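Peer 1:
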Amino acid sequence: MFQRLGTVNVPLGPEARYVQTESISLAFVKGLQVLPPRQLAVLILRDVLGFHANEVADMMESTVESVNSALKRARASLQRRLQSTADREPPPSSNSPSEDAIVAKFVSAYESADLETLVALLTDDVFISMPPMPFESEGRDVVARFCARIFGSGRRFNLVRTRANGQPAFGIYLHSPDGIPRGVGLHVLTLTGDRISAMTRFEDIVLPWFGLPRSLPSR
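Count along the sequence shown from 1, then add 943; that gives the number in the working numbering.
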């Protein structure tokens, strides 16, 4: 999802591709959680897709001054959110043994509904959100209660691994009575050291954008 919205028909070098990926991650993973719609639209058009202020003003039937003001507020809001996590331990390298170890523990705990092991993987201030719904919570105890409800009534899941903006991500498939696991969403993990500091859940409509099926073969 994130990568495709930023695609333009211009060859990009490695550095430009990195900057583009980081910008798109910032706009969607952070922006969807904290920005009003107008600020989010301006941020994407200006910082992600690279339109000039006068072009954005024309698109939004506004003025250049209004566009610049919205962009300034959006950047400030995102900067405050980033500063609050600036002292965190960095995540392990992508696809490294350290990352693979965390991911394997998460998958095992989630698929077996092992709440104790799952909670042990979280930071004390873990943040969970479900954009575009206005739901977000912070704290290990809160997330533990949320996961306990997910696993309630004997519900069980299969996880299929993918990546979103360089972060570990998983298609979530709920076991159904007919034996066919059906997709119910996509989880993106933010890692801090050897712990999970954020879990972002997106609707199941994004699964095909990551090459994931709507359902898995019956068992």
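Beta carbons are placed, not taken as given, at the ideal position from N, Cα and C, and that holds for glycine.
On a predicted model such as this, the values are computed, not experimentally measured, just so you know.
(1) Taking the Cβ atom as the reference point for each residue, do G1114 and L1129 lie within a distance shorter than 7 Å?
(2) Only counting the same chain, and skipping five residues up and downstream in sequence, which positions put a Cβ closer than 6 Å to that of G1136?
(3) Taking only three categories from DSSP, how would you classify P1040?
(4) In its own chain, which residues sit with a C-beta less than 7 Å from the C-beta of R1106, not counting the 5 before and 5 after it?
(5) Looking only at its own chain, which residues have a Cβ that is under 7 Å from the Cβ of V1007, when we skip the five neighbours before and after it?
(6) Starting from N1101, follow its DSSP beta bridges and name the residues at the other end.
(7) In its own chain, which residues sit with a C-beta less than 6 Å from the C-beta of E1042, not counting the 5 before and 5 after it?
(8) Closest to I987 by CA distance: which of L1014, R1138 and S1005 is it?
(9) Rounding to the nearest angstrom, what Cα-Cα distance links M1076 and E1146 in this structure?
(10) Ends of the alpha helix (DSSP H) at G1060?
Peer 2: Let's see:
(1) Position 171 of the sequence shown, counted from the first residue, corresponds to residue 1114. Position 186 of the sequence shown, counted from the first residue, corresponds to residue 1129. Yes.
(2) Here residue 1136 is taken as the residue at index 193 of the sequence shown, counted from 1. Leaving aside the five residues that flank G1136 on each side, the residues in its chain whose CB is nearer than 6 Å to its CB run, in chain order, E1032.
(3) What you label residue 1040 is simply residue 97 of the sequence shown in a count that begins at 1. Looking at P1040 - three-state DSSP - the assignment turns out to be helix.
(4) What you label residue 1106 is simply residue 163 of the sequence shown in a count that begins at 1. Around R1106: A1112.
(5) Translated into positions along the sequence shown, residue 1007 becomes position 64. Correct list, in chain order: A996, N997 and A1000.
(6) Residue 1101 sits at position 158 when you count from the first residue of the sequence shown. According to DSSP, N1101 bridges with Y1116.
(7) Position 99 of the sequence shown, counted from the first residue, corresponds to residue 1042. Shown here for E1042: same chain residues with a beta carbon closer than 6 Å to its own, the five before and five after excluded, namely P1035 in chain order.
(8) The count along the sequence shown starts at 1 and reaches residue 987 at position 44. From the listed residues L1014, R1138 and S1005, the smallest Cα separation to I987 is found for L1014.
(9) Taking the first residue of the sequence shown as position 1, residue 1076 is located at position 133. Taking the first residue of the sequence shown as position 1, residue 1146 is located at position 203. In this structure, the alpha-carbon of M1076 lies about 9 Å from that of E1146.
(10) Counting from one through the sequence shown, the residue named residue 1060 turns up at place 117. Looking at the sequence itself, residue 1060 is Thr, so the reference to Gly does not match. Its alpha helix (DSSP H) spans residues L1058 to A1063.
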